[in-house]
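In full-length UniProt numbering, the protein residues as written are 1 to 120.
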């Protein structure tokens, strides 16, 4: 869903032959979630450079609002025609920058593993 928001999801992969590939993840399991439990997933951090996405998702057990898991992701933007890293188009940079501007005050920067991997 997040990739579609930035025009990098399945539709983009099919029509523009550009999408992302995950190169690193860091996952924590904080609290057990059982089958049938409802959860909410929120993006708690997002950033980018010219070729990389860095984001963190948090999953909460809905009824108790308890943090159940996190996953932090570092992805590269890929031209699928050549299977090579590519730079984001200006339109996508503008969409991502607007998202950051609107949500930055809600982002959590503690315990991030991959912040130093962005080349800004």
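The C-beta atom is built at its ideal place from N, Cα and C for all residues, glycine as well.
The structure presented is a predicted model; accordingly, all values stated were derived computationally and were not measured.
Assignment of residue 117 by DSSP, reduced to helix, strand and coil, places it in the helix class.
The shortest CA-to-CA distance from residue 37 to any of 44, 24, 80, 63 is the one to 63. A Cβ-Cβ distance of about 6 Å is found for the pair residue 76 and residue 21, placing them in contact under the 8 Å criterion.
The count of Cβ pairs closer than 8 Å, one atom from the segment 14-32 and one from the segment 59-73, reaches three, so the stretches are in contact.
The straight-line gap separating the alpha-carbon atoms of residue 108 and residue 15 is approximately 34 Å. With a contact defined as Cβ atoms closer than 8 Å, residue 19 and residue 13 qualify at about 4 Å.
Just measuring C-alpha positions, the residue of 103, 33, 80 sitting nearest residue 17 is 80. Taking 8 Å as the cut-off, the beta carbon of residue 118 is found closer than this to the beta carbon of residue 49. Distance from the CA atom of residue 52 to the CA atom of residue 74, rounded to whole angstroms, is 7 Å.
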